Amino acid sequence: MSNAPLFLHLAGSLAFVAAAGRGIGWALDAWVRRAPEDGARAPSGPERAAPGRAPGPAPAGLPDQSGARIR
Numbered sequence: 001m002s003n004a005p006l007f008l009h010l011a012g013s014l015a016f017v018a019a020a021g022r023g024i025g026w027a028l029d030a031w032v033r034r035a036p037e038d039g040a041r042a043p044s045g046p047e048r049a050a051p052g053r054a055p056g057p058a059p060a061g062l063p064d065q066s067g068a069r070i071r
């Protein structure tokens, strides 16, 4: 029995993976090129709270963002 169909399937699969990898590489390259340079968008001051809301602890029922568990 011939192994030709197996080798054709393998070759097709490798070609597909190569094309997908090339596309992912191009997408990542474009994404990195669009990224701002270091310090280009550094915040100029402290972050401001949303209008009408004072900064402080999280409202009741929401977990705090510190990662510590409250017992």
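So the sequence shown is numbered by full-length UniProt numbering: it starts at 1 and just counts up by one.
Glycine included, each C-beta is placed from N, C-alpha and C at the ideal position.
Fair warning: this is a prediction, and the values are worked out from it, not measured in the lab.
DSSP-derived helix/strand/coil call for residue i
{"i": "Ser-2", "result": "coil"}
{"i": "Ala-35", "result": "coil"}
Residue i versus residue j: straight-line alpha-carbon distance, rounded
{"i": "Pro-36", "j": "Gly-23", "result": "22 Å"}
{"i": "Val-17", "j": "Leu-8", "result": "14 Å"}
{"i": "Ala-20", "j": "Ala-30", "result": "15 Å"}
{"i": "Arg-33", "j": "Asn-3", "result": "45 Å"}
Sequence-distant residues of the same chain with beta carbon closer than 6 Å to residue i, five excluded per side
{"i": "Leu-28", "result": "none"}
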